[in-house]
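*Asks:* Protein chains in written order, with this note's numbering: chain P, 1 to 110; chain Z, 1001 to 1114.
Even glycine gets a Cβ: it sits at the ideal position worked out from N, Cα and C.
No experiment lies behind these values; they were computed from the predicted model shown.
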Amino acid sequence: AQRVTQPEKLLSVFKGAPVELKCNYSYSGSPELFWYVQYSRQRLQLLLRHISRESIKGFTADLNKGETSFHLKKPFAQEEDSAMYYCALSGQGGSEKLVFGKGTKLTVNP
Amino acid sequence: DTGVSQNPRHKITKRGQNVTFRCDPISEHNRLYWYRQTLGQGPEFLTYFQNEAQLEKSRLLSDRFSAERPKGSFSTLEIQRTEQGDSAMYLCASSLRASQETQYFGPGTRLLVL
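(1) Is there at least one Cβ from chain Z nearer than 8 angstroms to Y86(P)'s Cβ?
(2) Does the separation of the CB atoms of V13(P) and A77(P) fall below 8 angstroms?
(3) Tell me the rounded alpha-carbon separation between D1086(Z) and C1023(Z).
(4) Indicate whether V1004(Z) and G1106(Z) have their beta-carbon atoms separated by less than 8 angstroms.
(5) So which residues on chain Z does F100(P) lean against when the C-beta distance must stay under 9 angstroms?
(6) Going along chain P in order, which residues have a C-beta closer than 8 angstroms to the C-beta of G1106(Z)?
(7) Skipping 5 residues on each side, what residues in its chain have a beta carbon closer than 6 angstroms to that of R1110(Z)?
(8) Less than 8 angstroms separating the beta-carbons of N1030(Z) and R1097(Z)?
(9) Can you grab the Cα-Cα spacing for the pair S1075(Z) / Y1033(Z), in whole Å?
(10) Let me check you understand the geometry: is the CB of P18(P) closer than 7 angstroms to at least one non-hydrogen atom of the ligand FMN?
(11) Note down, in chain order, every chain Z residue with its Cβ under 7 angstroms from the Cβ of L46(P).
(12) Taking the CB atoms as reference points, tell me whether Q1037(Z) and L1112(Z) lie closer together than 8 angstroms.
(13) What's the call for R41(P), buried or exposed, on a 16-neighbour Cβ count within 10 Å?
(14) Where L10(P) and L1039(Z) are concerned, what is the direct C-alpha to C-alpha distance, given to the nearest angstrom?
(15) Counting only beta-carbon atoms, is G29(P) nearer than 8 angstroms to chain Z?
(16) Look at the alpha carbon of H71(P) and the alpha carbon of H50(P), and state the distance between them as a whole number of angstroms.
(17) What does the alpha-carbon distance come out to for the pair G29(P) and Q1084(Z)?
(18) Exposed or buried, A1067(Z), counting other C-beta atoms within 10 Å across all chains shown (16 or more means buried)?
(19) Taking 8 angstroms as the CB-CB cut-off, is L1096(Z) touching chain P?
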């Protein structure tokens, strides 16, 4: 079964502190992993995906197939990073529908 | 704005009524997805179209739900005989046909069934 687990519902850090949002997945095969972000009163938007291996807004995420994890990291959090973050996976071929975790609400305090 | 649009943005209805939502994808996007999001949960897949063909439906999509994409452009999602459990945010997303293309989401339609 396809499943994405985000163990932290809420995460609060201070500005300038490192932040890590955890994501673990279950999938038989080679999934594509994504992080989507939703800022206040905005639509869901792609933050990054593992296949592109790029850093967006200072965030990075490494796919660890052994631990089936795709944690999102940023060395120095900013107040504008406060948002809802969703980890998601899709299979290859077929509909490529997204399977989402429940999300982590990140608050970066001044 | 050339992004995905959804109408209406909010809908309040009484239990037992029918409702219809519309999604306009990004122009030239062949794939269109419907998701549902309830409070405290991530979006859950409902159904998927490639052009006008509905190719996959989730078990979440009971027989009270029907979706269409008649000309391969906009799509509608209809819920018949609404129930309080249908209250949720209904999200639409679109992507190009090529494999592993990014899904772009609309703002959603928030449904409240009284």
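*Replies:* Quick look at the numbers:
(1) Position 86 of the first sequence, counted from the first residue, corresponds to residue 86(P). So yes, Y86(P) belongs to the interface.
(2) One-based indexing of the first sequence puts residue 13(P) at position 13. One-based indexing of the first sequence puts residue 77(P) at position 77. A contact, by the Cβ cut-off of 8 angstroms.
(3) The sequence position of residue 1086(Z) within the second sequence is 86, counting from 1. The sequence position of residue 1023(Z) within the second sequence is 23, counting from 1. Roughly 18 angstroms separates the two Cα atoms.
(4) Within the second sequence, the letter at position 4 stands for residue 1004(Z). Within the second sequence, the letter at position 106 stands for residue 1106(Z). Going by C-beta atoms, V1004(Z) is nearer than 8 angstroms to G1106(Z).
(5) Locating residue 100(P) in the first sequence gives position 100, counting from the first residue. Going along chain Z in sequence order, the residues near F100(P) (Cβ under 9 angstroms) are Y1035, Q1037, Q1041, G1042, P1043, E1044 and F1045.
(6) By one-based count along the second sequence, residue 1106(Z) stands at place 106. R43, listed in chain order.
(7) Walking along the second sequence from the start, residue 1110(Z) turns up at place 110. H1010 and M1089, listed in sequence order.
(8) The residue labelled residue 1030(Z) in the question sits at position 30 within the second sequence. The residue labelled residue 1097(Z) in the question sits at position 97 within the second sequence. Result yes, Cβ atoms of N1030(Z) and R1097(Z) sit closer than 8 angstroms.
(9) Translated into the one-based positions of the second sequence, residue 1075(Z) becomes position 75. Translated into the one-based positions of the second sequence, residue 1033(Z) becomes position 33. Distance between the alpha carbons of S1075(Z) and Y1033(Z): 9 angstroms.
(10) This structure simply doesn't include the ligand FMN, nor any ligand for that matter.
(11) Here residue 46(P) refers to the residue found at position 46 of the first sequence. Near L46(P) (Cβ distances below 7 angstroms), the residues of chain Z are T1102.
(12) As a first step, residue 1037(Z) is located in the second sequence; it is residue number 37 there, counting from the start. As a first step, residue 1112(Z) is located in the second sequence; it is residue number 112 there, counting from the start. Cβ distance not < 8 angstroms, so Q1037(Z) and L1112(Z) don't count as in contact.
(13) Position 41 of the first sequence, counting from 1, holds the residue named residue 41(P). Exposed, since its Cβ has fewer than 16 Cβ neighbours within 10 Å.
(14) Numbered from its first residue, the first sequence carries residue 10(P) at position 10. Numbered from its first residue, the second sequence carries residue 1039(Z) at position 39. For L10(P) and L1039(Z), the distance between alpha carbons rounds to 14 angstroms.
(15) Indexing the first sequence from 1 puts residue 29(P) at position 29. No, its Cβ sits nowhere closer than 8 angstroms to a Cβ of chain Z.
(16) Residue numbering aside, residue 71(P) sits at position 71 when the first sequence is read from its first letter. Residue numbering aside, residue 50(P) sits at position 50 when the first sequence is read from its first letter. Going from the Cα of H71(P) to the Cα of H50(P) covers about 11 angstroms.
(17) What you label residue 29(P) is simply residue 29 of the first sequence in a count that begins at 1. What you label residue 1084(Z) is simply residue 84 of the second sequence in a count that begins at 1. The straight-line gap from Cα to Cα measures roughly 37 angstroms.
(18) Counting from one through the second sequence, the residue named residue 1067(Z) turns up at place 67. Buried, since its Cβ has 16 or more Cβ neighbours within 10 Å.
(19) Position 96 of the second sequence holds residue 1096(Z). Judged by the 8 angstroms Cβ criterion, L1096(Z) is not in contact with chain P.
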